[in-house]
Amino acid sequence: MAGLADLGRFSEPALHILISLASGPRHGYAMQDDIGELTGARPGPGTLYGAIRRLEEHAYIEALPEQDRRKPYRLTDTGRAALGAELQRMRSLAATGLRRLAVA
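According to full-length UniProt numbering, the sequence shown is numbered sequentially starting from 1.
Next up, the structure:
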């Protein structure tokens, strides 16, 4: 698995999308709202759908059948694994940073 870094400038929005979908399927507008609540900044449609396209290309998420003209997405097993690995990497990085701050 290559990881989210392969998504280039969409890696942070991709992480937010994966976190949003971790609790269940959502359509784009619901993801925007959820990400806005999580981060304090609601992504614009270009950023959101650019990241969604890349996540689909990497098979981290998949589209579900449309519901009321809305297209929901869900995490795949590959996406769940990628999200878990990225969050573990971030946890390790944060722990190292906090230890270094305590020494300084």
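Glycine included, C-beta positions come from ideal geometry on N, C-alpha and C. For clarity, every value in this text was computed on a predicted model and none was experimentally measured.
Going by DSSP in three states, Arg89 sits in which element: helix, strand or coil?
The count along the sequence shown starts at 1 and reaches residue 89 at position 89. If DSSP states are grouped into helix, strand and coil, Arg89 belongs with the helices.
Give the single residue among Asp77, Ala41, Asp34 and Gly84 whose Cα lies nearest to the Cα of Glu56.
For the purposes of this step, residue 56 is taken as the residue at position 56 of the sequence shown. Closest by alpha carbon: Asp77.
Does DSSP classify Pro13 as helix, strand or coil?
Counted from its first residue, the sequence shown places residue 13 at position 13. DSSP, read as helix, strand or coil, puts Pro13 in helix.
Minimum C-alpha distance to Asp68 - residue among His58, Leu93 and His27
Taking the sequence shown and counting its residues from 1, one reaches residue 68 at position 68. Ranked by Cα distance from Asp68, the first of His58, Leu93 and His27 is His27.
Applying the criterion that 16 or more other CB atoms from any shown protein chain within 10 Å of the CB defines a buried residue, is Leu38 buried or exposed?
As a position in the sequence shown, residue 38 is number 38, starting the count at 1. Burial state of Leu38 is exposed, judged by a 10 Å Cβ sphere holding fewer than 16 other Cβ atoms.
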